[in-house]
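When you read off a place in the sequence shown, starting at 1, and then add 11, the result is the number in our numbering.
All C-beta atoms in this analysis are idealised placements derived from N, C-alpha and C, irrespective of residue type, glycine included.
Let me begin by presenting the structure, written as structure tokens, before commenting on it.
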Amino acid sequence: MLVAALLIGLLFAVLGSGLWIGLSLLGVAIFAMEFLTSRPAGDSMAFTVWGATSSWTLTALPLFLWMGEILFRSKLSEDMFKGLAPWLERLPGRLLHVNIIGCTIFAAVSGSSAATCATIGKIALPELKKRGYPDDITLGTLAGAGTLGLMIPPSIIMIVYGVAANVSIAKLFIAGVLPGLLLAALFMGYVMVWSLLHPDAIPAASEKTSFVQKLYASRHLIPVVALIALVLGSVYLGIATATEAAAFGVAGSLILARIEGSLTWSTFKEGLLGATRVYCMIGLILAGASFLTLSMGFIGLPRHLAEFVGSLNLSPFMLILALTGLFIVLGCFLDGISMVVLTMAVLLPTVQKAGIDLIWFGIFIIVVVEMAQITPPVGFNLFVLQGLTKKEISYIARTAMPLFLLMLVAVLLLYLFPSIVTALPKMMT
Numbered sequence: 012m013l014v015a016a017l018l019i020g021l022l023f024a025v026l027g028s029g030l031w032i033g034l035s036l037l038g039v040a041i042f043a044m045e046f047l048t049s050r051p052a053g054d055s056m057a058f059t060v061w062g063a064t065s066s067w068t069l070t071a072l073p074l075f076l077w078m079g080e081i082l083f084r085s086k087l088s089e090d091m092f093k094g095l096a097p098w099l100e101r102l103p104g105r106l107l108h109v110n111i112i113g114c115t116i117f118a119a120v121s122g123s124s125a126a127t128c129a130t131i132g133k134i135a136l137p138e139l140k141k142r143g144y145p146d147d148i149t150l151g152t153l154a155g156a157g158t159l160g161l162m163i164p165p166s167i168i169m170i171v172y173g174v175a176a177n178v179s180i181a182k183l184f185i186a187g188v189l190p191g192l193l194l195a196a197l198f199m200g201y202v203m204v205w206s207l208l209h210p211d212a213i214p215a216a217s218e219k220t221s222f223v224q225k226l227y228a229s230r231h232l233i234p235v236v237a238l239i240a241l242v243l244g245s246v247y248l249g250i251a252t253a254t255e256a257a258a259f260g261v262a263g264s265l266i267l268a269r270i271e272g273s274l275t276w277s278t279f280k281e282g283l284l285g286a287t288r289v290y291c292m293i294g295l296i297l298a299g300a301s302f303l304t305l306s307m308g309f310i311g312l313p314r315h316l317a318e319f320v321g322s323l324n325l326s327p328f329m330l331i332l333a334l335t336g337l338f339i340v341l342g343c344f345l346d347g348i349s350m351v352v353l354t355m356a357v358l359l360p361t362v363q364k365a366g367i368d369l370i371w372f373g374i375f376i377i378v379v380v381e382m383a384q385i386t387p388p389v390g391f392n393l394f395v396l397q398g399l400t401k402k403e404i405s406y407i408a409r410t411a412m413p414l415f416l417l418m419l420v421a422v423l424l425l426y427l428f429p430s431i432v433t434a435l436p437k438m439m440t
């Protein structure tokens with residue numbers, strides 16, 4: 012635990028110096044490898060950084076980011092708000108729900124928390140700011156709802172867990188649907204309560220509309236819905252992988268932007284450069300986090316923590332409570348996939364001995380990994396939003412704290428009502 016405290020302190024100090032986040036993570040990892048292990052840092056860093064940034068599955072991320080940039084620079088993002096606004100005018104919080112609804116829909120395409128947060132952020136943040144919505148609730152809901160990219164299938168981390176635990180990936184996918192919708196409902200409920208407590212912070216609805224007028228306004232949603240159907244349909248019909256679907260999304264976005272007349276050489280170039288800048292930021296963070304993960308593995312920190320929890324012989328509830336704490340701590344250092352890879356071999360025997368269903372445990376792991384996406388210092392959604400808004404990580408983390416607490420509530424609900432997870436997979440057998 013002394014080593015953990017040392018590395019956390021060092022990471023906070025380096026981040027506080029103003030150094031780029033990715034370089035901060037690399038610096039702490041180099042320190043850990045050089046002074047706390049016998050392994051040379053140079054060759055390990057080269058192989059790890061190359062492996063982290065050259066993965067084929069990662070190519071979906073810049074494509075989805077580019078799709079978001081195209082939508083951001085076209086009238087499609089504004090049209091999405093025009094189409095949704097009349098339907099949300101009577102709902103407390105009004106257009107703040109677009110963050111959550113947009114992330115829920117896009118999560119079914121991307122499988123990535125960072126891609127979901129960055130893409131919806133590019134579309135939603137400028138529109139909400141223009142309409143006068145407060146920054147704190149806007150950023151907090153986007154950071155929290157962006158984590159749904161890990162829960163709602165297809166999810167890369169579900170595939171990793173399914174392989175590690177030797178359970179059906181198809182059952183994991185279907186098991187994530189209801190918990191994902193539960194989280195979205197909790198987030199929307201929070202927005203409603205916050206809005207009722209802060210009525211002056213939410214801009215008033217521009218005008219009251221009849222049902223017929225709402226239907227007429229929904230015509231603005233047709234291009235966006237068509238694009239979503241193209242991307243989602245290509246994945247769920249088995250026509251394309253997530254990466255190929257992202258390419259379809261880019262092509263569809265370009266065609267729609269051209270049809271409506273907002274695609275020029277200037278907007279094309281700006282969109283491409285904007286996506287490149289955001290991806291380079293995320294890619295450097297991924298590289299730094301991967302090398303930090305490797306150094307943690309050589310030190311043995313995740314394994315020692317997992318072995319300690321396994322040796323306590325806890326009841327199922329206390330075991331889940333302890334594992335929640337464990338993964339929150341690990342989330343300070345590691346990305347989600349790394350947490351799963353480094354701990355499952357040690358934890359699974361303990362979990363099976365406690366009689367916990369492995370499908371349910373997989374969804375539990377996804378929720379606690381989602382929590383790690385919005386906890387500093389290594390919270391990927393916080394990094395993404397910092398890159399988009401230039402605001403301090405600490406400020407964004409504070410705005411996301413209520414969503415973090417709601418994820419804890421979700422863990423409790425999943426434990427008390429396990430059928431939320433297991434009902435749909437049982438229908439497949």
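Here residue 17 carries a helix assignment [DSSP, helix/strand/coil]. Residue 296 and residue 79 have their C-alpha atoms spaced approximately 20 Å apart. For residue 61, the number of other beta carbons within 10 angstroms of its own is below 16, and it is reported as exposed. Residue range 276–310 is occupied by the alpha helix (DSSP H) that includes residue 288. In this structure, residue 411 lies near residue 151, with their beta-carbon atoms less than 8 Å apart.
Contact between residue 113 and residue 135 holds: CB atoms are separated by about 6 Å, below the 8 Å threshold.
The C-alpha of residue 365 is placed about 7 Å away from the C-alpha of residue 326. About 7 Å separates the beta carbon of residue 374 from that of residue 425, a gap short enough to meet the 8 Å contact definition. The beta carbon of residue 289 is closer than 7 Å to those of 76, 129 and 398 in its chain, skipping five residues each way along the sequence. Counting the other CB atoms within 10 Å of its CB gives residue 43 a total of 16 or more, which places it among the buried residues.
Using a Cβ distance threshold of 8 Å, residue 213 and residue 104 count as a contacting pair.
Here residue 169 is not near residue 185, since their CB atoms are 8 Å or more apart. Residue 254 carries a helical assignment under DSSP once its states are collapsed to helix, strand and coil. With a beta-carbon spacing of about 4 Å, residue 40 and residue 306 fall inside the 8 Å limit used to define contacts.
Rounded to the nearest angstrom, the gap between the Cα atoms of residue 417 and residue 337 is 18 Å. Residue 144 sits in coil when the DSSP states are folded into three classes, being neither helix nor strand. Taking a contact as a CB-CB distance under 8 Å, the pair residue 110 and residue 156 counts as one, their CB atoms being some 5 Å apart. In this structure, the CA atom of residue 291 is about 11 Å from the CA atom of residue 72. For residue 343, the secondary structure class from DSSP, reduced to helix, strand or coil, is coil. Residues of the same chain with a CB within less than 7 Å of the CB of residue 178, apart from the 5 flanking positions on each side, are 369, 370 and 373 in chain order. The straight-line gap separating the alpha-carbon atoms of residue 182 and residue 190 is approximately 13 Å.
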